[in-house]
Amino acid sequence: MAFVGAVLALVLWLFCGSYIAAEAVYPVENGANWFSRHVGSRIKSLFAGSSAFSENKRLREEVARLRMACAESARVADENRRLRGMLGLDRPGDSVPFSTNRWICAPILSRGAAVGNPCVLRLGRGSLAGVKRGAVVAVPEGLVGRIANVTPNTSELRLITDPSTRVACDVELGGDAGGDDEAQSSSLAHGILYGRGHSTVASTEASILYIVHPLRVRNVERQIVLPQRAKIITSGLGGVFPRGLTVGFLIDGAHGDETNLEQEGDVEPAVDFLSLENVFIRRED
Amino acid sequence: MSRPLTSYLWRTCSSAVKTKAVQICFTLICLVAAAAMQELLPAFVGAKTPMLAVFAVYTAFRPSRNWILVAVAAGALEDALNGNTSLCGVCFALLAATGAHFARSFEYGMPQAAVGAVAAMITAPVHEIWLSAWGALPPGCPMIVRFCASALPSAIAGAFAFAFLPAAEVFAGFDGPQSGRRQR
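Chains as they are written, first to last, in our numbering: chain A, 1 to 285; chain B, 286 to 469.
Have a look at this one:
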């Protein structure tokens with residue numbers, strides 16, 4: 001009887017353990033987060049002195065300006081949708097109405113799970129806030145990753161630097177890019193972005209510096225000349241990531257891959273993953 | 286009927302059962318707090334302080350028969366937080382707790398906090414080796430760096446745990462006047 005109970009407990013833990021553990025640890029993590037934000041920020045403000053007041057005033061003005069811009073964007077989006085409808089240019093992905101509540105702000109509770117995997121972050125919003133598995137996560141600077149697991153109050157974010165991540169993307173070629181053939185006539189080149197994880201600076205010797213490996217864009221057409229510092233954005237192909245989110249910038253010119261049929265290049269992420277405090281989760285309506 | 290069930294149970298249970306319930310709750314709170322601390326402590330070059338294993342080691346050091354259960358629970362919690370289904374954390378917690386249980390028969394000529402610091406300092410690098418052997422270690426960081434990065438914070442955490450937990454246990458009723466009063 002005890003053996004059957006133990007086996008049942010094991011099976012239950014293997015299937016629901018992650019869910020239960022994340023929810024059990026959430027109050028403590030959230031408490032620590034709350035303490036850091038409320039008490040820590042007050043202590044910092046003591047040392048910041050009068051600059052905090054002027055910064056507060058500037059931020060209020062910035063928020064008011066952004067509200068105005070948001071309202072204007074909603075009007076433009078409405079007009080754009082109406083005109084597209086009149087021209088018959090509607091595509092399935094374009095019919096989503098503009099919403100200012102599409103992005104859910106989520107604080108980062110902890111990094112790296114229990115063993116320190118740098119590509120995993122735990123966020124303080126879950127299914128109760130409308131977060132779903134697979135949702136896209138971004139910040140104003142660019143794309144951050146996707147939600148891998150969701151519990152009622154927390155969610156697990158997998159960064160785009162994770163080696164298992166693939167993102168359909170476009171390389172912006174700009175107006176003055178070289179190349180003379182048909183492919184170059186388009187201002188975008190399609191490619192697939194691969195995450196390459198994190199490591200210390202030198203893998204062969206002891207080093208305490210901790211860096212994010214550059215991402216890599218692959219499968220770009222061979223004939224296209226990619227400019228240096230070209231911007232990489234999500235292409236929306238595949239339907240996983242929405243179109244137009246900034247991913248990063250090409251570090252230097254691309255080179256041919258091992259087959260020499262296509263080219264690839266290293267990409268510097270647009271987001272500084274180590275300094276993130278809040279992220280925005282896209283709500284799928 | 287108007288009274289809640291918990292209140293009814295609390296009034297009808299014997300003192301020994303109440304003490305046991307308080308002890309179980311205390312252990313669960315310690316496990317959750319250790320798991321949260323393990324997640325929250327800054328990931329220095331990717332290494333984390335194995336707080337759950339330190340708690341399992343502490344429980345194995347004290348005169349208790351439940352150290353195996355605590356070790357299994359600590360390991361299961363770590364596995365669940367990592368999304369690891371290979372029971373790597375459970376096996377490590379059991380190994381660490383077994384080692385500590387046998388080591389408790391030696392006589393130590395040093396304070397309890399120092400014993401905790403040394404025990405945690407040994408546990409942390411072994412934890413890294415164990416994760417590496419099971420393939421559960423995230424790639425991209427030299428092992429020697431992770432050894433140092435996990436051992437140094439572990440020593441502080443171990444010393445703190447071994448110094449603080451005995452007093453907290455007496456307060457919760459594992460030993461001392463609180464426990465005696467309930468059982469009378």
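Think of the CB as a built atom: it goes at the ideal place given N, C-alpha and C, for glycine as much as any other residue.
Presumed contact (8 Å Cβ cut-off) between residue i and residue j, rounded CB distance
i: A/THR234; j: A/LEU143; result: 6 Å
i: A/SER155; j: A/GLY126; result: 5 Å
i: A/ILE281; j: A/VAL267; result: Incorrect: roughly 23 Å between the Cβ atoms, too far for contact.
i: A/LEU159; j: A/LEU109; result: About 15 Å separates the two Cβ atoms, so there is no contact after all.
i: B/PHE330; j: B/ARG431; result: Phe is not the amino acid found at residue 330 of chain B; the sequence shown has Val there. Going by Cβ atoms, the distance from B/VAL330 to B/ARG431 rounds to 7 Å, so yes, they are a contact pair.
i: A/GLY244; j: B/ALA332; result: About 38 Å separates the two Cβ atoms, so there is no contact after all.
i: A/ASP162; j: A/GLY112; result: Contact doesn't hold; Cβ gap of about 12 Å is too wide.
i: A/LEU193; j: A/ILE232; result: 7 Å
i: A/LYS132; j: A/GLU284; result: 6 Å
Three-state secondary structure assigned by DSSP to residue i
i: A/CYS290; result: This structure leaves residue 290 of chain A out entirely; chain A is present only between 1 and 285.
i: B/SER292; result: helix
i: A/GLU172; result: strand
i: A/SER127; result: helix
i: A/VAL136; result: strand
i: A/ARG243; result: coil
i: A/LEU237; result: coil
i: A/LEU143; result: strand
i: A/ALA113; result: coil
i: A/LEU157; result: strand
i: A/LEU89; result: coil
i: A/LEU8; result: helix
i: A/LEU188; result: strand
Proximity test, Cβ basis, 8 Å: residue i and chain B
i: A/ILE20; result: yes
i: A/GLU23; result: no
i: A/GLY116; result: yes
i: A/GLY40; result: no
i: A/SER187; result: no
i: A/ARG122; result: yes
i: A/ALA113; result: yes
i: A/ILE147; result: no
i: A/GLY17; result: yes
i: A/TRP34; result: no
i: A/VAL150; result: no
i: A/TRP103; result: no
i: A/LEU226; result: no
i: A/LEU14; result: yes
i: A/GLU264; result: no
i: A/SER164; result: no
i: A/VAL11; result: no
i: A/VAL28; result: yes
i: A/GLY179; result: The predicted model places A/GLY179 with a pLDDT of 49, which falls under 50 and marks its position as unreliable; any figure quoted below should be read in that light. With 8 Å as the cut-off, A/GLY179 does not count as an interface residue toward chain B.
i: A/SER110; result: yes
Residue-chain proximity (residue i, chain A), Cβ-Cβ < 8 Å
i: B/ASN351; result: no
i: B/LEU380; result: no
i: B/ALA405; result: no
i: B/THR408; result: no
i: B/PRO423; result: yes
i: B/GLY360; result: no
i: B/GLY331; result: yes
i: B/VAL317; result: yes
i: B/GLU392; result: no
i: B/THR370; result: yes
i: B/LEU450; result: no
i: B/ALA442; result: no
i: B/ALA365; result: yes
i: B/GLU324; result: yes
i: B/LEU416; result: yes
i: B/ALA321; result: yes
Sheet register partners of residue i (DSSP bridge)
i: A/LYS231; result: A/PHE249
i: A/PRO269; result: A/GLY248
i: A/ARG282; result: A/TRP103
i: A/ARG255; result: Here residue 255 of chain A turns out to be His, not Arg, going by the sequence shown. DSSP lists A/GLU264 as partners of A/HIS255.
i: A/TYR194; result: A/ARG166 and A/ARG216
i: A/GLU221; result: A/GLU262
i: A/VAL150; result: A/SER155
field: Complete alpha helix (DSSP H) runs within the segment 10 to 69 of chain A (minimum length 4 residues, chain order)
entry: 41 to 48
task: Go through the segment 374 to 461 of chain B residue by residue and report every complete run of the beta strand (DSSP E) that reaches 3 residues or more, in order.
output: none
query: Along the chain, which unbroken stretches of the alpha helix (DSSP H) at least 4 residues long are found entirely within the segment 300 to 381 of chain B?
result: 300 to 325, 336 to 346 and 352 to 367
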